[in-house]
Structures are given as C-alpha cells and as structure tokens.
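**Q** First, the structure itself, so that you have it in front of you.
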Amino acid sequence: MTFHSFRKPAFLAYSVFKRESKVMQVKNSTKRRMMRKATVLFIAFTAILSCTAQEQPETPEGMVYFSGGEIIIGAENTLPNEAPAFRTTVKPFFMDVSPVTVSDFQKFVEATGYQTEAERFGDSVVMDYETGEWIMVTEASWKYPRGTDYPAADDDHPVTHVSWNDANAYAVWAGRRLPTEIEWEYAAKGGQNSGNPYSWGSELVENGTYRANVWQGRFPVENTAEDGYLFTSPVGEFGKTEAGLTDMGGNVWEWTADIYNLYEGNPARLRTNPDMKVIRGGSFLCHQDVCYSYRVSARQSHSHESASFHLGFRTAADGI
Ligand SMILES: [Ca+2]
Numbered sequence: 003m004t005f006h007s008f009r010k011p012a013f014l015a016y017s018v019f020k021r022e023s024k025v026m027q028v029k030n031s032t033k034r035r036m037m038r039k040a041t042v043l044f045i046a047f048t049a050i051l052s053c054t055a056q057e058q059p060e061t062p063e064g065m066v067y068f069s070g071g072e073i074i075i076g077a078e079n080t081l082p083n084e085a086p087a088f089r090t091t092v093k094p095f096f097m098d099v100s101p102v103t104v105s106d107f108q109k110f111v112e113a114t115g116y117q118t119e120a121e122r123f124g125d126s127v128v129m130d131y132e133t134g135e136w137i138m139v140t141e142a143s144w145k146y147p148r149g150t151d152y153p154a155a156d157d158d159h160p161v162t163h164v165s166w167n168d169a170n171a172y173a174v175w176a177g178r179r180l181p182t183e184i185e186w187e188y189a190a191k192g193g194q195n196s197g198n199p200y201s202w203g204s205e206l207v208e209n210g211t212y213r214a215n216v217w218q219g220r221f222p223v224e225n226t227a228e229d230g231y232l233f234t235s236p237v238g239e240f241g242k243t244e245a246g247l248t249d250m251g252g253n254v255w256e257w258t259a260d261i262y263n264l265y266e267g268n269p270a271r272l273r274t275n276p277d278m279k280v281i282r283g284g285s286f287l288c289h290q291d292v293c294y295s296y297r298v299s300a301r302q303s304h305s306h307e308s309a310s311f312h313l314g315f316r317t318a319a320d321g322i
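Put into structure tokens, the structure is as follows:
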C-alpha cells in the first residue's frame, strides 16, 4: 500500500466527513434561522394576542362585555315617550348577565350592615291581587317582598323593594355603577339595530313557551300565570339574549343611573324632576294592553327614594 493509496481512502473519508460536516453546518444554520424565525413569529403572535387582550379587557364573572359603538335609541310608533328615535355612540362597558339577586344583596347587607330605605320607612309598595290596588304593606322589604305574612324572598330571585339610593349603594360597594339608560337599551338590543321589539327576539311566546315573566289574563284582577309565575321568577329563567343577558324584559323593572327626561324633539312637555329616575325592562306585572314595557325601547320613571315589589336593578362597569 503506497502512501498515496493509503492517504487516498483517508483523504476521501476526510473529504466525505468534511462535506457531511458542511452539510450538517448548513443544516444547523438553517435550523437556527428557522428557530430564530419561529421565535420572532412567536413573539409577534404573543404581542398581537396581548394587543387584542388590551382591546377587550377580561370580563368580570357574571358580566357581559359590550364593545360599544353607534346605536339607534328609542322607537317610533310605540309609546309616546320612546320617540323620537335617535342615533348615538356608546363607549365600551360591562353589564351584569342578570338582575342582582336576593342572595347577592344579602352579602352586601352582611358586609356593610346596610338598611334599605323601605326598612327605615317601615313599609313599602305591593299590589293587592284581590283588588288590583297598590297598597303600602308594613314591613314589606327585600327580605319579605309581600310582607311578613307571606314567604320570605327566594335567594335566586331578583332583589326588590330597593330604592335607587339602595341600588346605587350596592353598586358602589361592588365596585360597579348603575347602567345609564342608553347602555341599558344598547345591551338589550345586543348593540344591533335589528328592529326586534324584545331583547331575545321578535316574539313573546316562542314554540308555546313564554320568553318573559309577565302578566297573562285580565289586568289587574286576574293573573293566569301561564308563564309559571305570579310574582318574581329565578334570574336566568327567561329571555336569554344573543349576547348572553337574561331578564331584560319582564320579571322586575330595573333602575338606571339617569334622571327621567323626554328625548330631544319629543313634542310633549315635561318639567324635569331630578328625583325621578329612569326604570327599564317592565316586570311580572306588565300586561300587553296596559304596560307593554318589556320591550327594548320602553321606559318609565320612578321616584329615587321609593321602592316596590316589582322593581330591582343590575350593575354595570366601564369597559376600558
Ligand atoms: Ca308571570
């Protein structure tokens, strides 16, 4: 074996090794570039996710996020105080899925020792189903909605007999606030101008099932309770909307933050009273021929210190 012949296989082996090494180097280099690229893409993707998260903040438990935007508020050809309809812009906000329950309110009272205005007055307003008249019932309160001669309030029903001041006190304690009237209607409409009269859709009864706890029969002397309830119902049982809210029509009226006024351009005259607040949504007492206020655009007013067995509230919070 000559040196040459000895070296040649070794050289060839070395060359193959070197070539393979170079291939490996190229492969490793390509792999590193790909890894760097993947890292850059991952960071960019994370940044995008982070931006998206900033645009839509984390939704508190029990609330729904509404991104806000332009919406038509009010309606034509319904009750006179709903006109004229107008276009406005709403900022992002959160809204409670359902009205504040008796159980929720109990926690507030236990934490603060709060006494409602009805408790301090010693009575509150209830409708007598025998006579169809509104009466003041001694010791009617959020604990005993029809008075102490009747069953205590159910934990999962909306709290009632809360004045605007009581509702506002709860909202402040919870780190929230009452929704504005515009926010309430925006949420009821799911931020859309669909033209649907109700928050859940276009019909009160769908496939034989009531979508809201309202009044059936002859108001105010006959309540047939075809929907299953003479008085309040558990929150979440009726009227789930596309956005995920419930009870935006019927069950209990809901306080809003705003002083009641007529919409600009309404031909009627009204002396604005700062004690009168807007309430929305109708209640279990609403009959189509009398109240018909479980529609998304319906609105009424209520004195801020008074309470009733068909009036509750839900809270809201700023979106961003
Ligand atoms: Ca009912």
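So the mapping is simple: my numbering equals the position in the sequence shown, first residue as 1, plus 2.
Every residue gets a Cβ at the ideal spot worked out from N, C-alpha and C, and that includes glycine.
(1) Quick check: the stretch 249-260 against the stretch 278-287, are at least 3 beta-carbon pairs closer than 8 Å?
(2) Just how far apart, CA to CA, sit W257 and T274?
(3) From E307 to V174, what does the alpha carbon distance come to, in whole angstroms?
(4) Hey, out of A309, G76 and V111, whose CA is closest to Y172's CA?
(5) Using the C-alpha atoms, what's the distance from L232 back to W186?
(6) Considering only their Cβ atoms, is the gap separating A142 from V164 smaller than 9 Å?
(7) Is it right to say G134 is buried, meaning 16 or more other beta carbons lie within 10 angstroms of its own, or is it exposed?
(8) Excluding the five sequence neighbours on either side, which residues of its own chain have a C-beta within less than 7 Å of the C-beta of T150, listed in chain order?
(9) Identify whether R297 lies in helix, strand or coil by the three-state DSSP scheme.
(10) Would you tell me roughly how many angstroms separate the C-alpha atoms of C293 and V139, rounded to the nearest one?
(11) First and last residue of the alpha helix (DSSP H) that includes W175?
(12) Out of F88, S105, N79 and N268, which has the shortest C-alpha to C-alpha gap to T162?
(13) Measure the beta-carbon distance from P199 to A318 and round it to whole angstroms, keeping in mind my assumption that it falls under 8 Å.
(14) Excluding the 5 residues preceding and the 5 following R179 in the sequence, name in chain order all residues of the same chain whose CB lies nearer than 7 Å to its CB.
(15) With DSSP run on the structure shown, which of helix, strand or coil describes I137?
(16) What did DSSP end up calling A319 once you bin it into helix, strand or coil?
(17) Alpha carbon to alpha carbon, what distance is there between Q194 and E205?
**A** In brief:
(1) yes
(2) Reading the sequence shown from its first residue, position 255 is the one you call residue 257. Reading the sequence shown from its first residue, position 272 is the one you call residue 274. Answer to the nearest angstrom: the Cα atoms are 17 Å apart.
(3) Sequence index remark: in the sequence shown, residue 307 carries index 305 (1-based). Sequence index remark: in the sequence shown, residue 174 carries index 172 (1-based). For E307 and V174, the distance between alpha carbons rounds to 17 Å.
(4) Translated into the one-based positions of the sequence shown, residue 172 becomes position 170. Here the closest residue by C-alpha is V111.
(5) Here residue 186 refers to the residue found at position 184 when the sequence shown is read from its first residue. Here residue 232 refers to the residue found at position 230 when the sequence shown is read from its first residue. Distance between the alpha carbons of W186 and L232: 25 Å.
(6) Position 162 of the sequence shown holds residue 164. Position 140 of the sequence shown holds residue 142. Going by C-beta atoms, V164 is not nearer than 9 Å to A142.
(7) Translated into the one-based positions of the sequence shown, residue 134 becomes position 132. Classification for G134: exposed.
(8) Translated into positions along the sequence shown, residue 150 becomes position 148. E141.
(9) Stepping through the sequence shown from its first residue, residue 297 is reached at position 295. Here R297 sits in coil by DSSP.
(10) Locating residue 293 in the sequence shown gives position 291, counting from the first residue. Locating residue 139 in the sequence shown gives position 137, counting from the first residue. When rounded, the distance between both Cα atoms is 23 Å.
(11) Mapped onto the sequence shown, residue 175 falls at position 173. Its alpha helix (DSSP H) spans residues W166 to W175.
(12) Here residue 162 refers to the residue found at position 160 when the sequence shown is read from its first residue. Checking every option, the nearest Cα to that of T162 belongs to S105.
(13) Residue 199 sits at position 197 when you count from the first residue of the sequence shown. Residue 318 sits at position 316 when you count from the first residue of the sequence shown. The pair is not a contact, with the Cβ atoms about 23 Å apart (cut-off 8 Å).
(14) Here the question's residue 179 lines up with position 177 in the sequence shown. Cβ within range, chain order: A173, A259, T317, A318 and A319.
(15) If you number the sequence shown from 1, residue 137 lands on position 135. Of the three classes helix, strand and coil, the one that applies to I137 here is strand, per DSSP.
(16) Counted from its first residue, the sequence shown places residue 319 at position 317. It is a strand residue.
(17) Residue 205 sits at position 203 when you count from the first residue of the sequence shown. Residue 194 sits at position 192 when you count from the first residue of the sequence shown. In a straight line, the C-alpha of E205 is about 17 Å away from that of Q194.
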